[in-house]
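Novice: FYI, the numbering for the sequence shown is 8 to 266, going by this note's numbering.
Have a look at the structure that comes next, please.
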Amino acid sequence: MSLTDEAISRIRALVQSGELPPGARLPPEHQLAAQLGVSRNPLREAVKALVVARVLDVRRGDGTYVTSLEPRLLLEGLGLAVELLRDDTLLEIVQVRRMLEPAATALAASRISAGQLAEVGEHLAAMCAASDDVEKLNHHDAAFHRAVVRATGNETLSTLLDGISGRTLRMRVWRGTVEAGSSHKTIAEHEAIYAALAAGDATLAQAAALVHVGTTETWLRLVLENVEGSSGEAGGDRASAGLSGGLWTEPGGEETPFP
């Protein structure tokens with residue numbers, strides 16, 4: 008373990024033990040260095056690392072404080088980390104979503120308030136109105152799922168699914184663009200989820216969400232199989248499978264990093 012890693016570990020121990028609770032101001036640098044038994048340089052690097060991790064917050068002219076340590080803050084970097092994963096791990100991300108989202112939807116069915124259900128319904132209505140505009144459809148698709156998961160009242164679960172689902176958003180945009188009737192199928196799946204939420208039926212809500220995420224997973228498997236098959240053929244049409252050399256083909260033919 009490097010001196011910096013050791014300093015990070017010791018500061019984390021102070022936070023975990025409650026000696027430095029959320030909102031607490033760290034002792035002056037020289038005092039903290041003596042307390043931890045490390046020199047100032049490793050301590051400074053440790054503080055920088057913990058600031059990036061959203062554990063500490065440096066307030067210029069005031070000092071360094073422990074953040075609120077709330078899930079949404081600490082897990083903020085999850086979406087970025089997921090975005091940096093390799094193309095061939097996208098299926099794993101969808102599989103994780105399949106594990107979490109149906110359970111979250113079931114929990115939401117037992118907890119959702121009238122106001123929260125109305126918000127979900129508004130996004131569903133917007134999806135129906137935007138059935139011919141794929142980008143708007145998918146914008147409200149993502150908002151629909153965020154509203155459902157927020158209804159669980161579980162901030163950690165909501166943050167995790169936000170980080171995971173962000174990576175699949177442009178995938179759904181592309182899918183809706185190239186697959187005939189995809190938007191209507193997507194809307195029907197969301198209508199089933201909404202109906203289950205409105206009925207307060209947790210089992211039905213979980214089943215409806217599982218079908219919805221399962222549809223995405225099945226489609227992605229076919230895409231990846233096509234890409235794998237085309238890679239062994241001279242002049243294989245990788246773009247037709249949705250991927251092109253690790254890039255995502257956007258509507259209009261422009262290529263950007265795979266989402």
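The beta-carbon is built from N, C-alpha and C at its ideal position, and this holds for glycine as well.
Because the structure is a prediction, the values reported are computed rather than measured.
Taking Leu-80 and Val-73 to be in contact with their CB atoms under 8 Å, please state how far apart those CB atoms are, rounded to whole angstroms.
Specialist: That belief does not hold up - the Cβ atoms of Leu-80 and Val-73 are roughly 11 Å apart, past 8 Å.
Novice: Which class does Val-65 belong to by DSSP, given the choice of helix, strand or coil?
Specialist: Note: Val-65 maps to strand in three-state DSSP.
Novice: Using the C-alpha atoms, what's the distance from Leu-33 back to Gly-70?
Specialist: Going from the Cα of Gly-70 to the Cα of Leu-33 covers about 7 Å.
Novice: Taking Val-89 and Glu-224 to be in contact with their CB atoms under 8 Å, please state how far apart those CB atoms are, rounded to whole angstroms.
Specialist: Contact doesn't hold; Cβ gap of about 16 Å is too wide.
Novice: Under the rule that 16 or more other beta-carbon atoms within 10 Å means buried, what is Pro-28, buried or exposed?
Specialist: It counts as exposed.
Novice: Which residues mark the beginning and the end of the alpha helix (DSSP H) in which Thr-11 is found?
Specialist: Counting along the chain, the alpha helix (DSSP H) containing Thr-11 begins and ends at 10 to 24.
Novice: Where do the ends of the beta strand (DSSP E) carrying Val-127 lie?
Specialist: Here Val-127 belongs to no beta strand (DSSP E); instead the alpha helix (DSSP H) covers 121 to 136.
Novice: Tell me, which residues are paired with Val-73 by DSSP?
Specialist: Val-73 pairs with Leu-63.
Novice: Touching or not, the segment 190 to 208 and the segment 107 to 121, by the rule of three or more beta carbon pairs under 8 Å?
Specialist: They touch, by the three-pair rule.
Novice: Compare the C-alpha of Arg-157 against each of Val-127, Asn-145, Ile-171 and name the closest.
Specialist: Comparing Cα positions, the closest option is Val-127.
Novice: What residue range does the alpha helix (DSSP H) around Ser-190 cover?
Specialist: Segment 189 to 206, the alpha helix (DSSP H) holding Ser-190.
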